[in-house]
Amino acid sequence: MNIITSLLLRRISQPKPTWIHAIHTSSHELIVSNEVFTIIGSVSPMEPALEPILPFITSEIVTSIIQDPPNPQLGFRFFIWASNYRRFRTSLCSNIIIDRLVKENGLELYWQVVEEIKRSNLSLSSEALAVLVHGYTKKGMTEKALEAFGMMRSFGFEPDINIYNVILHVMVRKNVLLLALAVYNRMLKLNCSPNIATFSILIDGLCKNGKTHDALTMFDEMTQMGVAPNKFTYTIVVSGLCLADRTDYAYRLFNTMKDNGCNPDSVTYNALLNGLCKSGKIDEAFALLRSFQKDGYVLGARAYTILINGMFKAKRYKEAEAWYRKMIKDKIKPDCVLYTVMIKGLVEASKVADASGLLNEMMDRGVVPDTYCYNALIKGFCDMGLLDEAQSLQLEISKHECFPNFCTYSIIICGMCRNGLVGEAQQIFNEMERLGCYPSVVTFNALIDGLCKAGELEKAHLLFYKMEIGRNPSLFLRLSQGSHRVLDSKTLQSMVEQLCDSGLILKAYKILVQLADSGVVPDIITYNVLISGFCRAGNVNGAFKLFKELQLKGLSPDSITYGTLINGLHIVGREEDAFSLFEQMLKNGCPPTDSVYKSLMTWSCRRGKVSLAFSLWLRYLRTMRGREDEALKGVEEHFQKGEVEMAVSKLIEMDFKLKDFQLAPYAIWLHGLCRAGRVEEASRIFSILEESKVTVTAPSCVKLIGSLCQDGNLELAFNIFLYTIDKGYILTRRICNRLVKSLLRSGCKMDHAFALLNKMHSSGYNLDTCLYQTTKLVLSRYGNLREGKSSHLDGLKMHGHG
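For the sequence shown, the UniProt record's numbering gives the first residue as 1, with consecutive numbering after it.
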């Protein structure tokens, strides 16, 4: 034992000045030992008498003692003592302690040491508390991390920017963005300047929560503060813009990134490819891929997943499967995410058997499917009505240490409701909580939708109120914060900011988390499902009551809400109210979808207002990118002049150029013109579509054939019927009989009638069941079936003819 240790141990029970003097007089023989630091650690670091020995203690000695102490408590205590001195504060020391806190379950012991030092009125540095925040964060103990963070202020310390960043990262990960922004504002008030990491964390949180506009505002705020974005920040914003379907802006920012000397990595490239694929711009994605590859970008598993997923969403199934084979050929091992994409895509392509085979291949390759992968295949079975197979697969999930989640049950509940098994769906719903899987808003929505479609509107409405009252977050706020609180988003934001300013960050966090966990709250989808149910039942007044109710509760109606109500008003013939609601929708800044415009167009055409229907579609097209207003004005002028053929031709040309052709508006106009007696113009639209190699649907052909028969244009009606036969359509009995009788009665077109009947027979029509008895009577009267004129008609059972 060295002399200093001996002196210290002999004098430890003596008054402090005596043994401190011993240290002072013998410092030239100082050999560091654990016993010495045990005593040093029990003395206030501000003790002036310790100053003579401090030069003999180096950061290497401090690291050595912390790394290999005789016991954990001594190591923690010594670290806390050493952290009071700036020259002993090293990232290595902090990392050693954080590692021991996490791996050796030392968090509770460290906390005890901190409490003991606090009770002894000894000094405690901000670094000593910072490692505690880091330790709890790494362990995933969010509340404890926030408690340690809040404790810093009670010790008289303000956290530095690094600690703030740790806490902000925790808050964003826990999806309490409101609290993260409040803490950020507190930082600014305390003159703690945010750095690039701060902005990156917050911008990432805003983007992932769909607040792209706010993320861009913060991005601008960052540059105004003189903080230059780095590669990571640029990538976050590019990804956020792509998620918000703003790929043009994302690509411009990508180029700005390169111009500013930030070289993109595979994450940035993948973000852009993903954005284009999700927007359905597959060809643009491949063009961009080729330019990326010139920069040295190499396709990996993530990129293949993005491209294959994009092709499946664009219904380019064969290409998706070809790229999967290419990936296997390139010896890139598919992971669980890629297999899930493939299984989901094959299911959507109605290749459920292939999807099931891919699940087996996946397991043969040693890739363990997760719940999401199973859910994709379960949905495929449910969509095909194979509910036994779906439930069997649900049981198989647990074999791979996965468990069915609320999504699994929601899929099966949807499948049962779709197949009319609403009672069985309710049983599974009731069992969920018993199995420890609590219904989510998606599950509630699935069953409510099933009940509505089964006509059990009262049960659906009851389930809706059960969902709302069961564990209502508004009720939680009233109980926890007092009944005087106004329960809206602004009040909640104000409350959180006040708590943060008071240093009660943990309390603010608990309120937000409990609020989120306090129950399943009806969302706009729930209201839309129920509103749709009321509208289908003809109870539009009940639907409007729900419409007003959802707005009072702070929800904003979306395009589906408005569209459903507009359709409901059409069902009950309230045309004026439908158009008023449409105008209200535009006034409230809710852009109508194409389905809303099509609904209004259909309604207008049924009233013979074809010009209004045409104007409505042009109004919709003006909201779409790439549509030139001057060109659309020209189209409108052609229509107003009665030049329907020219107007439609120009529109089709524009649609093909922009690769955005939709048959629906042309079919609606065709129907409307027929209804308005403008059959010749309707025929011209049919001819233009045929010349443009657009397949006209069977209902449009039926409408046109009927109108042509009424107008006496039997030649064209006959040709259109032949067109339907070529396309493989089997038309309704009513239109078949109408055309045959019209041709027979015309006299000069009798041969057309027999030619048509022969063509129908050879195309799969069963003439005996297809033709009405009255048509057979006309045939017997006008058509002498001898001379083999219509050999296929010999077997017809005709009664009542002479």
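A virtual CB, placed ideally from N, CA and C, is assigned to each residue, including glycine. Just so it is clear, the structure is predicted and the values come from calculations on it, not from any experiment.
For Val529 and Ile652, what's the separation of their Cα atoms in angstroms? 35 Å
Through-space distance from Asn162 to His570, alpha-carbon basis: 60 Å
Count the other C-beta atoms from every protein chain shown that fall within 10 angstroms of the C-beta of Phe37, then say buried if there are 16 or more, exposed otherwise. At Phe37 the pLDDT is 45, less than 50, meaning the model places this residue with poor confidence and gives no usable figure here.
Along the chain, where does the alpha helix (DSSP H) containing Pro665 start, and where does it finish? Ala664 to Arg675
Between which two residues does the alpha helix (DSSP H) carrying Leu744 extend? Leu744 -> alpha helix (DSSP H) spans Arg733 to Arg745.
So, Leu276 versus Glu284, is the Cβ gap smaller than 7 Å? With respect to the 7 Å criterion, Leu276 and Glu284 are classified as neighbours on the basis of their beta carbons.
Boundaries (first-last residue) of the alpha helix (DSSP H) holding Tyr317: Tyr317 to Lys329
Just how far apart, CA to CA, sit Asp577 and Ile566? 8 Å
May I have the straight-line CA-CA distance separating Ser44 from Leu109, to the nearest angstrom? Low confidence applies to Ser44: its pLDDT is 42, below 50, so where it sits in the model is not reliable enough to give any reading.
CB-CB length for Ser707 against Val740, believed under 8 Å: That belief does not hold up - the Cβ atoms of Ser707 and Val740 are roughly 17 Å apart, past 8 Å.
Count the other CB atoms, across all protein chains shown, that sit within 10 Å of the CB of Cys709; report buried if there are 16 or more and exposed otherwise. Label assigned to Cys709: buried.
Should Arg622 be labelled buried (16 or more other beta-carbon atoms within 10 Å of its own) or exposed? exposed
Out of Ser615, Ala301, Gly563 and Tyr317, which one is the CA nearest neighbour of Pro592? With distances taken between Cα atoms, Pro592 lies closest to Gly563.
Distance check for Asn230 and Phe76, CA to CA, integer angstroms please. 37 Å
Would you kindly work out how many angstroms separate the C-alpha atoms of Tyr509 and Asn185, rounded to a whole number? Straight through space, the alpha carbons of Asn185 and Tyr509 are spaced by roughly 16 Å.
Nearest-angstrom Cα distance between Tyr438 and Met432? For Tyr438 and Met432, the distance between alpha carbons rounds to 6 Å.
Where does the unbroken alpha helix (DSSP H) through Thr198 begin, and where does it stop? Ile196 to Lys208
Span of the alpha helix (DSSP H) holding Lys657? Val644 to Lys657
Looking only at its own chain, which residues have a Cβ that is under 7 Å from the Cβ of residue 833, when we skip the five neighbours before and after it? This structure does not reach residue 833, given that the chain is present from 1 up to 802, and the question cannot be answered.
Of the listed residues Glu127, Lys174 and Glu115, nearest to Gly140 (C-alpha basis): Proximity to Gly140 across Glu127, Lys174 and Glu115 peaks at Lys174, based on C-alpha coordinates.
What would DSSP say about Pro522, mapped onto helix, strand or coil? coil
How about the region 551-560 and the region 582-599: do they share at least three Cβ pairs that are nearer than 8 Å? yes
Gln14: buried (16+ other C-beta within 10 angstroms of its C-beta) or exposed? Unreliable placement is indicated for Gln14, whose pLDDT of 41 sits below 50; the coordinate value is still reported in the next sentence. So Gln14 counts as exposed.
Does DSSP put Asp629 in a helix, in a strand, or in coil? helix
How would you label Tyr465, buried or exposed, when you count the other beta carbons within 10 angstroms and need 16 or more for buried? Its Cβ having fewer than 16 others within 10 Å, Tyr465 is exposed.
Can you confirm whether the region 305-314 touches the region 338-345 when touching is taken to mean that 3 or more C-beta pairs between the two stretches lie within less than 8 Å? yes
Ordered along the chain, which non-local residues of its own chain (more than five positions away) have a Cβ less than 6 Å from that of Arg627? Leu621
Return the CA-CA distance between Glu643 and Leu779, expressed in angstroms with no decimal places. 41 Å
When the distance is taken between beta carbons, is Ala425 closer than 7 Å to Leu393? For Leu393 and Ala425, no; Cβs fall outside 7 Å.
Residue nearest to residue 840 in terms of C-alpha spacing, selected from Arg738, Cys262 and Gly240: No answer is possible for residue 840: the residues shown for the chain start at 1 and end at 802.
Boundaries of the alpha helix (DSSP H) in which Lys749 is found, first to last residue: No residue range can be given for Lys749, since it is assigned to no alpha helix (DSSP H) and is classified by DSSP as neither H nor E.
Where Met171 falls, given that 16 or more other Cβ within 10 Å makes a residue buried: Answer is buried; the Cβ neighbour count reaches 16.
Note the first and the last residue of the continuous alpha helix (DSSP H) segment covering Leu377. Thr371 to Asp383
Kindly indicate which three-state DSSP category Ile730 falls into: helix, strand or coil? coil
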